[in-house]
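The sequence shown maps to residues 5 to 88 in the working numbering.
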Amino acid sequence: MTDQIVEHERAIITRDFPELGLVAGDVGVVVHIHRAVGGGEPVGYMLELFSLDGESLREESVPADAVRPVTANDLMHARPVAAE
């Protein structure tokens with residue numbers, strides 16, 4: 005499923021990354037696709053994370069198997085994040 009994810013599209017994180025302050029369901033925009041040497045399948049994605057008012061909060065890289073594309077059946081959800 006992750007092969008459907010392209011740069012500048014939204015993607016959903018599918019598991020928690022407490023060390024990064026990310027939880028399953030967080031949505032980011034793909035700003036870079038990490039690929040193995042020589043190209044091929046993605047090994048990870050750099051996501052830019054935004055507040056709901058559009059402010060860029062930060063960028064984080066996560067493994068390819070920890071994200072999925074956004075679908076028409078997804079609902080946005082808000083949660084507070086700590087100020088940096």
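Note that the Cβ used here is the ideal one computed from N, Cα and C, for glycine as well.
query: How would you label G43, buried or exposed, when you count the other beta carbons within 10 angstroms and need 16 or more for buried?
result: Residue environment analysis places G43 among the exposed positions, since fewer than 16 neighbouring C-beta atoms fall within 10 angstroms of its C-beta.
query: Do A34 and I9 have their CB atoms nearer than 8 Å?
result: According to the sequence as given, residue 34 is Val; it is not Ala. In this structure, I9 lies closer than 8 Å to V34 by Cβ.
query: Hey, E52 and L24 are a contact pair by Cβ (cut 8 Å); roughly how many whole angstroms apart?
result: Not a contact, Cβ separation roughly 13 Å.
query: What's the gap between the Cα of R72 and the Cα of A86?
result: 25 Å
message: DSSP has V41 in a bridge; who is on the other side?
response: Answer by DSSP bridge pairing: none, since V41 is not bridged.
query: Nearest CA to the CA of D69: which residue from R62, E11, D57 and R19?
result: Distances from the alpha-carbon of D69 to those of R62, E11, D57 and R19 put R19 closest.
Element boundaries [beta strand (DSSP E), containing M50]: Counted as a single uninterrupted DSSP element, the beta strand (DSSP E) harbouring M50 occupies residues P46 to F54.
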